[in-house]
Every structure is written in C-alpha cells, then in structure tokens.
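Heads up: the sequence lines are chains S and V, in that order.
Numbering-wise, my numbering puts 171 at position 171 of the first sequence, and it's gapless, one number per residue.
Numbering-wise, my numbering puts 1048 at position 48 of the second sequence, and it's gapless, one number per residue.
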Amino acid sequence: MSTTNGDLTRRTAAELADALAAGETTSVELTQAHLDRIAAVDGSAEAGVHAFLHVDPEGALAQARASDERRAAGTPAHLLDGVPIAVKDILTTTGLPTTCGSKILDGWVPPYDATVVTRLKAAGLPILGKTNMDEFAMGSSTEHSAYGPTRNPWDLTRIPGGSGGGSAAAVASYQAPLALGTDTGGSIRQPGAVTGTVGVKPTYGGVSRYGLVALANSLDQVGPVTRTVLDSALLHELVGGHDPRDSTSIPQPVPGLVAAARQGAAGDVAGLKVGVVRELGGEGWQPGVMARFDEAVEALVAAGAEVVEVSCPSFVHAMAAYYLILPAECSSNLAKFDAMRYGLRVLPEGVASPSAEEVMRATRDAGFGDEVKRRIILGTYALSSGYYEAYYGQAQKIRTLISRDFAAAFEQVDVLVSPTAPTTAFPLGEKLDDPLAMYRGDLATIPANLAGVPGISVPAGLADEDGLPVGFQVLAPALADDRVYRVGAAVEALLGEKWGGALLEQAPELEEVGR
Amino acid sequence: MAAMPDTPPALTREDVAHLADLARIDLSDAELDHLAPQLSVILESVASIQGVAGDDVPPTSHPLPLTNVFREDVVTPSLSAEEALAGAPAVEQQRFSVPRILGDEQ
Chain S
1 MSTTNGDLTR RTAAELADAL AAGETTSVEL TQAHLDRIAA VDGSAEAGVH AFLHVDPEGA
61 LAQARASDER RAAGTPAHLL DGVPIAVKDI LTTTGLPTTC GSKILDGWVP PYDATVVTRL
121 KAAGLPILGK TNMDEFAMGS STEHSAYGPT RNPWDLTRIP GGSGGGSAAA VASYQAPLAL
181 GTDTGGSIRQ PGAVTGTVGV KPTYGGVSRY GLVALANSLD QVGPVTRTVL DSALLHELVG
241 GHDPRDSTSI PQPVPGLVAA ARQGAAGDVA GLKVGVVREL GGEGWQPGVM ARFDEAVEAL
301 VAAGAEVVEV SCPSFVHAMA AYYLILPAEC SSNLAKFDAM RYGLRVLPEG VASPSAEEVM
361 RATRDAGFGD EVKRRIILGT YALSSGYYEA YYGQAQKIRT LISRDFAAAF EQVDVLVSPT
421 APTTAFPLGE KLDDPLAMYR GDLATIPANL AGVPGISVPA GLADEDGLPV GFQVLAPALA
481 DDRVYRVGAA VEALLGEKWG GALLEQAPEL EEVGR
Chain V
1001 MAAMPDTPPA LTREDVAHLA DLARIDLSDA ELDHLAPQLS VILESVASIQ GVAGDDVPPT
1061 SHPLPLTNVF REDVVTPSLS AEEALAGAPA VEQQRFSVPR ILGDEQ
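Structure below.
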C-alpha cells in the first residue's frame, strides 16, 4: 500500500484529509507512517532531531483505529479526523506526561486536558506525542530544555528556534503534518522562520489558554505550526473560538481563515495596502535575511499590492518592556511550583526535619534551570517596592505606546510586514551564555504579543550567506486574523512559483538514527 | 515616589542572593557568581525604557479591555480526590502530605 501512496509523511494535512475522505488511505496507515518516521530520524538528546520528549504509539494508533471506524460508518467528526498531530509539552494531556521541558515536572501526568487538546480529540486527530521546548517556554533556541536541545532539520548543528523548536522541527522533518505551539514573544513564529515552516500567533484571546501552563498570562497564545498556510488555517479554525473556561477568551466566532488562505493562494492581493515597518529591519540585521524579505515584498508589489514604509517608533523599546513584563508575570506564575501538591519534591541535604519552606527552596533550586532562575529573579526585582514604578510601571506604559503605534499604522495600511527574525538559525551553544544576545532573536515578534495582535511567519527563501531559511512576518489588527492568512498564503504562492515547489523540498535528507 | 537614576545600580552578588531568597530559590555560590553579572547586563539593557513614557501615558496590563466575565452559576463535574492527588509528592488520608510548616522557634 505504501508504494501506491508514496511517502504519506510528505503530504500536507489538507492532502491527507482529502486522501482519507477519498478512501485512498486510512488513519492507521498514515499514523503508523509518521510513527515510523519518528522512530527513524528523531533520535535522542544525543543525536538526531530530538523534536519529541514523549511519543505515544499505542494512544495514537488507538485514536487512529477509532477514526477509521467513524470513516467506515460515514460519520467523520471533522475534515481533519484521522490526521495525526504533535502537541507542545506545555499543553496538558491526560495520560501523557507534561513536563514543560522542566525537571520540576519530570514524569507529571496531568489530570485534565487543555481545551485545545479536548478539541483535537473530539475532532479525531491522533496525538503522536509531546514536543520539546525551552523550559517553561523561556528561550529562543530550545537549548534551555532540561531534556537536551532539539536540532534544526536543515543543519543538525544549529538551533531550531524557540521556545517551540520541537513543534517546528517535527513538522519540518516530516515527523508530523501538524503541531500545536504557544507564542509569548515569538515562540511559534521564530522557530517557523528558522526551520522553513509556517507558524501563527492568533489574536490574544482567540484560542483558549485553559490547560496551557502559563508563562506570562497577558502575552501567551496557542497557535498552529504547519508546512503550509492552508494547514495552519484548518488547525486554527479547529482549536480557536470561545471557551468559557478561559476568562480572557474572546466571545466571538473565529473569522473565516480557510477561506482567507484560499483567497490569498489564488494570488488575490490587488488593492491590499502593505506597510513595511521601518524599525524592524535594516542595519544590524543579517543581509541575507533582508534580501529575501525585500524580494518577498517585491513579489507582493508585482501581484498588485500597494506597499508603503510605516514607522512604529515605540517598537525600539519593545524588547526592554517585554523583558520586564514577562519576568514579572512569570516570577509570580512559577510560584505555584512549591513542591507541595504536584511535581518534584527535593529534601535539602543535611537537614534533619526540613520545613516546607526549606523543601520549597531546595526543590526550586534543583528543579529550575538557569534561564528560569534568571527570569524569576529579574521579575522579583522588577516588582519589588522602590523599583516597581521605574521598571514594571514604565514597561506597561511602553505597552500602551506600542498599541498606539499599531493603531496608527493600521489606519494607513491593512497589514504590516517585516522579517520574522533578525538572523537565520545560529549554531547550538553560540548564545547560551549571553542571554541578551539570545533575547534579540525576538526583536520583530515581541510587539505583536505586547499589543495582542495576530501574526504569521511564512518561508521567504534561503539566505545567501548560509543557505538557511528566512521567515517573512505578516501582522494584522486584533481579530483580523484572516488578513495574515490571506497575505501569508499569497506570499507562499508567489514565492513557491519561483522555487518550483515548497521551500522544505530543498532541505537535506536526514540520516536514520533510530530513537 | 522618588525619581529613579538613569542608570540602575549594578546588581551585586548580595542583591541577587536576597532576590533569590524572596523567590524561595536556594542558589549555590557558583550560581550566584554566574548569575549576578548576567543579571546586571540584562538590567542595564532594560533600564533604557526609564523616562520614555510620560505621566500622561496610561499603563496597559492586558491586551483585551475585558472586565467582569460572568458565567452561569451551575455545578459541573470536576476532578475526583484521587485525580487531584495523583501527582502529589506525598499523600496521607486522602490529603496532600507536606513537610512541617512551622519553624522550631514557633
């Protein structure tokens, strides 16, 4: 059967859905094909891609069998019923460990499903496993995972981006057609950019955060990680929409994202006004990144879009504001890891009858990695009396200024565009001991989180210097997620014509390493 | 509230030890040596926002202007005691078992 179907793992989710509907394959067959691919190339912390922290062959195949029974009975639950998916290890899953890439949650199995996971299960998507990430989503390289880094499928000596490097690498290396990620400052879009995949941060409140282990509640959003814009739209429509269990969930239906992606794929950008953000590019950005970005903008112009330069002066302060707001929120969020109700409990050495507080201190030292400790301490500082107004208070005002910049820009243009990240994937280890250099990877993605607006990253080509993927970012006003899909799909179609296919087809073949 | 200096004082090793104490993390001497200079560099960088926004700019704590989200007050199924305790480090008599919470002198 595999000869007639070719390599099922190379197909997009939309193609797999069509094949299932036409009876050309079964969910069991294609779930097994992805499990085989994982077994062949994912490897471990030492070798291979290492996109997954946990793989669940039995659970995925049981879900696939149930899906095939629904198909046979003529009652599929959803268009994507039977198409397998990978889930970032920060979303709770009953029966599957959820570690957030941290030792403090080693082996923890949550007693409830995140709402997005409930929706995946109700729609019949077999869950292949949980993907690697920087500890508690703090990082831009996945090197801060307590379980070892994920490697970029384009070059295994380089970072896959972060924090959602596992989800992006899994999709880029054909281990999963779909994945879920979370984006607090760029953790879906930046990994998408450096792995040549598509990632979307929805409007804040557009997708439920119930069951998402919070990093920074006012910034976190769940979103799709895929190889095509259409696949992201299909997944986003499935998991999005109001959830009464999340009080910040927007009580409005998700706009027509699949329709917008199809409209964009047909090259329909005539009359669209596109703003290039002056502050997100230029000097200090990798020349090969800027060259691919400029070409993508030219392609939009050639297709009939109107392009102007737009200034968002407050964006230069976005990174500083973000690295005060995020640590402040995460230092209070992570106070819940107190060794009392769940997770790791470490007894301090040489103490006969330790107190709860002593156990808490010892556990948090043993259970948290360097980056988590850095941010908790920074947040504790930013929130301490005497410094609160100068740091946290000021950062909240910058947030207002950034929202105003977006509002002013969207009076002139329909969407804003920029490169997704200032550089291509850097070598593993290069920035591990220079946190500030690591933080700069999120320069272009952070403003959207501070303002709550949606953004997409689509592949823009390979940089001349190193032959590695470059991402093109599209930002739209809050609740206008359909615009990022329309423009993202247009860029994908226009550049795909030039490349003669998907960018990922140019990625090197991975060696089999086993798992 | 007094105006802050343009450049924040560098975080000393003792400052970081104090902050770690407030955050209930036992840092080792090696960690303090490692983290203190890194935190000073980060702090110096983020301090660039001081004075950028004037008093007339209101703070934003959240991207959505939502207040008071209500729902119907109805009972729905929730976790059983066994499920809630399943991840606990120690359990006794269907409760979380924790170390002593009072100090010797108390």
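Where is the CB? At the ideal position from N, CA and C, for every residue including glycine.
Backbone CA spacing between residue i and residue j [nearest angstrom]
i       : j       : result
S:A409  : S:G461  : 27 angstroms
S:L389  : S:E430  : A small fix is needed here, since residue 389 of chain S is Glu in this sequence, not Leu. Spanning the two alpha carbons is a distance of roughly 35 angstroms.
V:M1001 : S:G386  : Unreliable positioning characterises V:M1001 in this predicted model, as indicated by a pLDDT of 39, which lies under 50. A coordinate reading is not provided.
S:A444  : V:E1083 : 42 angstroms
S:E357  : S:V198  : 45 angstroms
S:R189  : S:G95   : 29 angstroms
S:G282  : S:V417  : 13 angstroms
S:E465  : S:A291  : 11 angstroms
S:D36   : S:G288  : 36 angstroms
S:G6    : S:A14   : 16 angstroms
V:L1066 : S:R399  : 17 angstroms
S:V516  : S:E24   : The structure shown does not extend to residue 516 of chain S, since chain S is modelled only from 1 through 515, so no value can be given for it.
S:D243  : S:A480  : 19 angstroms
V:D1056 : S:L401  : 11 angstroms
S:L16   : S:D81   : 10 angstroms
S:E511  : S:T92   : 32 angstroms
S:R440  : V:L1019 : 25 angstroms
V:S1028 : V:V1041 : 20 angstroms
S:A502  : S:T228  : 9 angstroms
S:L428  : S:V41   : 19 angstroms
S:S314  : S:I127  : 41 angstroms
S:G500  : S:G267  : 16 angstroms
V:P1037 : V:G1051 : 25 angstroms
S:M1    : V:T1060 : Note that S:M1 scores a pLDDT of 38, beneath 50, so its modelled location is shaky; the value from the coordinates is reported in the next line. Roughly 57 angstroms between the two C-alpha positions.
Exposed unless 16 or more other CB atoms sit within 10 angstroms - verdict on residue i
i       : result
S:T424  : buried
S:P327  : buried
V:L1079 : exposed
S:A318  : buried
V:I1101 : exposed
S:N132  : buried
S:K201  : buried
S:P251  : exposed
S:P422  : buried
When the options are compared against residue i, the one with the closest alpha-carbon
i       : options                        : result
S:L475  : S:A407, S:D18, S:R37, S:G164   : S:A407
S:D106  : S:H78, S:E135, S:T115          : S:E135
S:V87   : S:P177, S:K373, S:V49          : S:P177
V:R1024 : S:R158, S:D365, S:G393         : S:D365
S:L219  : S:S145, S:Y174, S:Y323, S:P508 : S:Y323
S:G455  : S:A77, S:R486, S:A463          : S:R486
S:R345  : S:A395, S:A302, S:R361         : S:R361
S:L215  : S:L300, S:I325, S:E309         : S:I325
S:V254  : S:S208, S:P348, S:T226         : S:S208
S:A22   : S:P76, S:V55, S:W499           : S:P76
S:A403  : S:R278, S:E505, S:A451, S:C330 : With the sequence shown as reference, residue 403 of chain S is identified as Ser, and Ala is not the correct amino acid for it. Nearest option by C-alpha distance: S:A451.
S:G206  : V:L1064, V:A1030, V:D1033      : V:L1064
S:G74   : S:N217, S:F52, S:L20           : S:L20
S:V484  : S:V301, S:Q506, S:L272, S:L504 : S:L272
Beta carbon of residue i nearer than 8 angstroms to that of residue j
i       : j      : result
S:V194  : S:N152 : yes
S:T184  : S:G166 : no
S:G517  : S:I104 : The structure shown has nothing for residue 517 of chain S, since chain S only spans 1 to 515.
S:D370  : S:T12  : no
S:T142  : S:P160 : yes
S:A146  : S:S102 : yes
S:G186  : S:I446 : yes
S:P459  : S:G467 : no
S:V307  : S:V274 : yes
V:V1069 : S:A320 : no
S:T31   : S:L79  : no
S:G148  : S:H54  : no
S:Q286  : S:A463 : yes
S:A276  : S:A303 : Checking the sequence, you will find Val at residue 276 of chain S rather than Ala. Not a contact, by the Cβ cut-off of 8 angstroms.
Chain-ordered neighbours of residue i on chain C, where CB pairs are closer than 7 angstroms
i      : result
S:L401 : Included in the structure are the protein chains S and V, with no chain C among them.
Q) Which of the residues in the segment 308 to 332 of chain S, read from start to end, lie with their CB under 7 angstroms from any CB of chain V? A) Those residues of the segment 308 to 332 of chain S that come within reach of chain V (Cβ to Cβ, closer than 7 angstroms) are H317, A320, A321, Y323, L324, S331.
Q: Check each residue of the segment 429 to 446 of chain S: if its Cβ is closer than 9 angstroms to any Cβ of chain V, include it; give the result in chain order.
A: Contact residues of the segment 429 to 446 of chain S toward chain V are D433, D434, P435, L436, Y439 (C-beta to C-beta distance below 9 angstroms).
Q. What residues in the segment 1062 to 1092 of chain V bring their beta carbon closer than 8 angstroms to a beta carbon of chain S?
A. So the list reads H1062, P1063, L1064, L1066, V1069, R1071, L1079, E1083, A1084, A1086, G1087, A1088, P1089, A1090, given in the order they occur along the chain.
Q.
Which residues of the segment 177 to 207 of chain S have a Cβ closer than 9 angstroms to any Cβ of chain V? Give them in chain order.
A. Residues T203, Y204, G205.
Q: Pull out every residue of the segment 1015 to 1026 of chain V whose Cβ sits closer than 9 angstroms to any Cβ of chain S, in chain order.
A: For the segment 1015 to 1026 of chain V, which is checked against every Cβ of chain S, the residues closer than 9 angstroms are D1015, V1016, L1019, A1020, D1021, L1022, A1023, R1024, I1025, D1026.
Q. Got a sec: which bits of the segment 90 to 121 of chain S sit with their beta carbon under 8 angstroms from any beta carbon on chain V, in order along the chain?
A. Those residues of the segment 90 to 121 of chain S that come within reach of chain V (Cβ to Cβ, closer than 8 angstroms) are W108, V109, P110, P111, Y112.
Q) Closer than 7 angstroms, Cβ to any Cβ of chain V: which residues of the segment 370 to 388 of chain S, in chain order? A) So the list reads K373, R374, I376, I377, L378, T380, Y381, given in the order they occur along the chain.
Q. Can you list, in chain order, the residues of the segment 1029 to 1050 of chain V whose Cβ is nearer than 8 angstroms to any Cβ on chain S?
A. Contact residues of the segment 1029 to 1050 of chain V toward chain S are E1031, H1034, L1035, Q1038, L1039, V1041, I1042, L1043, S1045, V1046, A1047, S1048, I1049, Q1050 (C-beta to C-beta distance below 8 angstroms).
Q) What residues in the segment 136 to 147 of chain S have a beta carbon less than 8 angstroms from any beta carbon of chain V? A) Residues of the segment 136 to 147 of chain S that bring their beta carbon within less than 8 angstroms of a beta carbon in chain V are absent altogether.
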